[in-house]
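Peer 1: So that we are looking at the same thing, I have put the structure below in structure tokens.
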Amino acid sequence: MRLRERGKRVRIRSQAASPRPVPVLEPTGRFYAPAPKPVAARVRPKRRARRVAPLWGWLWRNAEPLLWGAVLGALALSLWFSPRTQLTRLEAAGVPSEAHAELYALLNPHLQPPIALRDTPRHLERAVQSLDWVQQARWQATGVGQARLTVAPREPFAEIQTANGARLFADPTGVLFRPPNPDAKPTSGVIRLAQDDSRLRTGGYVEGEMQAALTILHAVSRRADVHRPRVQVSRTHGIRLFAQIQRGAEPPVAVQLRFGDASALEQQLPTMHRLLDTPLADLRQWEYVDISAPGSEAVKPRATMGGQP
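In short: position in the sequence shown from 1, add 916, done, that's the numbering used here.
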């Protein structure tokens, strides 16, 4: 580019050719250099941020704890599925031999590996206690892969015989159950029902007249001179106690006490004990004693041969 100023020719290079401005000599003798025009900086287009870049960065920064976590997780899984840590032997103590098959069929679905040892003991205890003849079940670990299940069967305190020949048992608290041993013997006595009772069901409690009969057996079971007690429950004759009294070397004497509907059982029990303490010579002369009305007992003498009392 050329400029003509007062007869002088000045050649000035274009600013685009050189990044530095060219000074111009003014008529005053001073040089003037115009400021260069600002050139817009080159803006580079932004690249799209990769979504995987932060993930890889986070994995790289936490590589060591993640590696340790993977190692510990693999170790835990190997121990969990290892046969040494699984339950390999379960010992059932206190179970009658007649109930082994029933107990095995009950426990087998709960023992499929892998076994969660945190919850399985409580599940097994509840499953075993659901059996009517089991009073309590307790789990106890005995070693690696071994455990013991201690089962406490219910005590066959009283045998209940129904009119149709069915046999149930009641424990001291009155819970009805069927023992696994069909030849089980009661520890106190027998309750005989003169009629069928639809309220009899395993797992339930004795009610009504049977509850009174069970209370009578509790009372006579503490006496050493009372043998083979039997309580008969009938809607017609009420509640009657049959037993044998034997003291020392004397022969036993059969006694019968009639309680009626046992509506005043708390007053009748002291009367029962007083009558059972009667000398055997007097008991032999009585066929039965009616104590259905407390305070006014009635004695029926025993009939003798030849009309002699």
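Ideal Cβ positions, reconstructed from N, Cα and C, are used throughout, including at glycine.
The structure presented is a predicted model; accordingly, all values stated were derived computationally and were not measured.
Could you have a look at I1155 and say whether DSSP puts it in helix, strand or coil?
Peer 2: Reduced to three states, the DSSP call for I1155 is strand.
Peer 1: Is the beta carbon of A1159 less than 8 Å from the beta carbon of H1143?
Peer 2: yes
Peer 1: For my contact list, Y1204 and L1173 are in at a C-beta cut-off of 8 Å; report their separation, rounded to the angstrom.
Peer 2: 7 Å
Peer 1: Helix or strand or just coil, what does DSSP make of R1005?
Peer 2: Residue state, collapsed to three classes: strand.
Peer 1: Is DSSP giving G1059 helix, strand or coil here?
Peer 2: Of the three classes helix, strand and coil, the one that applies to G1059 here is strand, per DSSP.
Peer 1: Take R1108 and list the residues in its own chain whose beta-carbon comes closer than 6 Å to its own, dropping the five residues that flank it on each side.
Peer 2: Within the same chain, Cβ atoms closer than 6 Å to the Cβ of R1108 are found at Q1077 and Q1148, the five residues on either side in sequence being excluded.
Peer 1: For the beta strand (DSSP E) containing F1084, name the first residue and the last one.
Peer 2: First, the amino acid is wrong: residue 1084 is Leu here, not Phe. Where L1084 is concerned, the enclosing beta strand (DSSP E) stretches over R1083 to A1086.
Peer 1: Take L1192 as the anchor and find which of A1178, R1138, H1153 and R1094 has the nearest alpha-carbon.
Peer 2: R1138
Peer 1: Check this for me: beta carbons of P1145 and S1104, under 8 Å apart or not?
Peer 2: Contact check for P1145 against S1104 passes: the beta carbons are separated by less than 8 Å.
Peer 1: Using the three-state DSSP reduction, which class does T1036 fall into: helix, strand or coil?
Peer 2: Helix, per DSSP.
Peer 1: Considering only residues of the same chain and omitting the five flanking positions on each side of V1215, which have a CB-CB separation below 6 Å?
Peer 2: W1202 and V1205
Peer 1: Going by beta carbon distance, what residues of the same chain come within less than 6 Å of Q1111, once the five residues before and after it are set aside?
Peer 2: A1079
Peer 1: If we count the other Cβ atoms within 10 Å of its Cβ and call it buried at 16 or more, is V1044 buried or exposed?
Peer 2: buried
Peer 1: Tell me where the alpha helix (DSSP H) around A1128 begins and ends.
Peer 2: E1125 to S1137
Peer 1: In the DSSP assignment, what are the bridge partners of W1202?
Peer 2: P1217
Peer 1: V1106: buried (16+ other C-beta within 10 angstroms of its C-beta) or exposed?
Peer 2: buried
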